[in-house]
Every structure is written in C-alpha cells, then in structure tokens.
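In the numbering used here, the protein residues as written are 414 to 685. Step one of this worksheet: look at the structure below.
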C-alpha cells in the first residue's frame, strides 16, 4: 500500500522536505538571534549614563573613534579653527522644520571635523562662527547615509547647502581629510537650538528589529506548511493505493459508457 514512497517522484519529494525543514529552522533561528541582539543592544543603551551627564566626561575626539554603538553619543572635544559653513535643510526639531548649521572645524591635527552648531528656523540667517582657535565639546555622531531620517540625497540643492552630513558629501568641498564622524554641540550660540544626539543605528527597537521578529515567525510557519503539504500528498497517494488494492475504479472510469456485448455480432449480421 505504501510502495509509492519508493518511486522517483516521492524520493524527490522526501529529499526536498528533509532539506527544506532544517533550512527553514536555521533561517528562523538566525532571524530570532538578530532580534535578540537588537533587544540586548537597546537594553545596554538604556543602562548607559546620559552622554551629557557628569558621569560621562568629555574625551578627546581621536580617543573615541571610530564611532561605534558604545561611543556614539559620547561627549567629544576637539580644538581648531572654524572654516566653511553650510546649511543642512529639511531638518525637524520640536515639530518645526528648519536647517542644521554645519561648520567645518580644521583641527590641530590637520583633519576637518563637521560640527553642527545648532538648529536654525526657516527664514533665519545663520550666525557666523567665532574667529580664532576654539575648543568645541559635543555629542559624537556617525556619518549619515541615505537611510538616515531627514537626509536629502537627490541633490540639486543651492550653493551653501548640503543634504547629508558625511565625509563622502564633504570630501569635494574641502582640501583636507574629513573625519568619518561629526559632533553636535552641547551648547549652541544665540539664535540656534542645540541638536540632540541620536541613538546609534541598530541599537534600538526600531522597525527593523520587529521585521526580524516577523521573519522568524514566517520561517517557522514555512516548516509547518511543508509538513502539512507532505502529509496531504501522502494521504492522497495512500488513499489512491488503497482503492486500487480493493479494486475500486476511479469515478471518471466508472462513469464511462460501455458498449453492449451483442452489439458487435448484430453489426456483423447486418453486413452479411
């Protein structure tokens, strides 16, 4: 009754099931691990002291680089002279739209550090940076990318404006090397509002974290679907084999009309 399991067709089905189930389990476990890592990173970020608090003293910029989940938001200090200044439009703060005032600081080490001195409401003129040597203190941030909220990556901005704060977008605007990071000042000059630091990417329970959890459920659901389809095919084949063993013809064959036994002799007699 179960000899159909030894046919080439069922060998292929069984091999597919034996490979698909562990693969789905592996992928589901991997996605679950990604979600758990994000939860752990979020909990670690909550346990860290506030970057602006006294428990988190400012440190030299070079000691905090490169920017990681642990150093993002930490207070960094750098000394140098301000140079070119740009506006980063389309940035929201407290429900209002304005622009970040980005001033490039040429540090004593010869590299250029992007410094966000504050947020400027629309229609206002940005204050000029101070002259001479200055020491800045601000929250360290990783370079932005096309997925960062508020980034204008399409280009076409007027002169004096940039759409993204990153070394890649500034490398052609200054002759010096640009740090692959930026800082937002803790205290902004008059007319500007301090821009709060943002959490490092991948350190919070964002949409991507719950996508990982959703993918986990999908992969484990695939395991149930594969088992269900195998059982359904097995049951149909087993029922067909049982009917054949009992001599039960399929309905389509039973309903087919059969010619009467004496039809052929009568036809022969007519021809004679």
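Think of the CB as a built atom: it goes at the ideal place given N, C-alpha and C, for glycine as much as any other residue. Just so it is clear, the structure is predicted and the values come from calculations on it, not from any experiment.
- Approximately 5 Å separates the beta-carbon atoms of residue 591 and residue 583; this is inside 8 Å, confirming the contact.
- From the listed residues 611, 504, 545, the smallest Cα separation to residue 518 is found for 545.
- Here residue 596 is bridged, per DSSP, to 528, 553.
- Annotation: the continuous beta strand (DSSP E) that includes residue 489 extends over 488 to 506.
- If you check the CB distance, residue 543 and residue 604 do not come in under 8 Å.
- Your pair residue 608 and residue 513 checks out as a contact, with CB atoms roughly 6 Å apart and the cut at 8 Å.
- Taking one beta carbon from each stretch, the segment 443 to 452 and the segment 626 to 635 have 3 or more pairs nearer than 8 Å; the two touch.
- By the neighbour-count criterion, in which a residue is buried when 16 or more other Cβ atoms sit within 10 angstroms of its Cβ, residue 532 is buried.
- The Cβ-Cβ distance between residue 661 and residue 448 does not fall below 8 Å.
- With a cutoff of 8 Å on beta-carbon distance, residue 510 and residue 493 are scored as not near each other.
- With respect to the 8 Å criterion, residue 570 and residue 486 are not classified as neighbours on the basis of their beta carbons.
- If you ignore the 5 residues before and after residue 415, its C-beta comes within less than 6 Å of no other C-beta in its own chain.
- Taking the Cβ atoms as the reference, residue 557 lies roughly 6 Å from residue 564, within the contact range of under 8 Å.
- Contact annotation: residue 574 and residue 638 have beta-carbon atoms that are not nearer than 8 Å.
- Under DSSP, residue 444 takes part in no beta bridge, so it has no partner.
- Counting every other CB atom within 10 Å of its CB across the protein chains shown gives residue 600 a total below 16, marking it as exposed.
- DSSP links residue 517 through a beta bridge to 527.
- In the three-state reduction of the DSSP assignment, residue 421 falls in the helix class.
- Its Cα nearest to that of residue 490, the residue 594 stands out among 452, 577, 566, 594.
- In the DSSP annotation of this structure, the continuous segment of the alpha helix (DSSP H) that includes residue 581 starts and ends at 580 to 583.
- If you look at residue 590, you'll find it isn't in any alpha helix (DSSP H); DSSP assigns it neither H nor E.
- Across the structure, residue 419 and residue 642 are spaced so that their CA atoms are roughly 18 Å apart.
- Residue 580 and residue 427 have their C-alpha atoms some 54 Å from each other.
- Secondary structure of residue 535 (DSSP, three-state): coil.
- The secondary-structure analysis by DSSP pairs residue 574 across a beta bridge with 500.
- If you draw a straight line from the Cα of residue 578 to the Cα of residue 440, it comes to about 36 Å.
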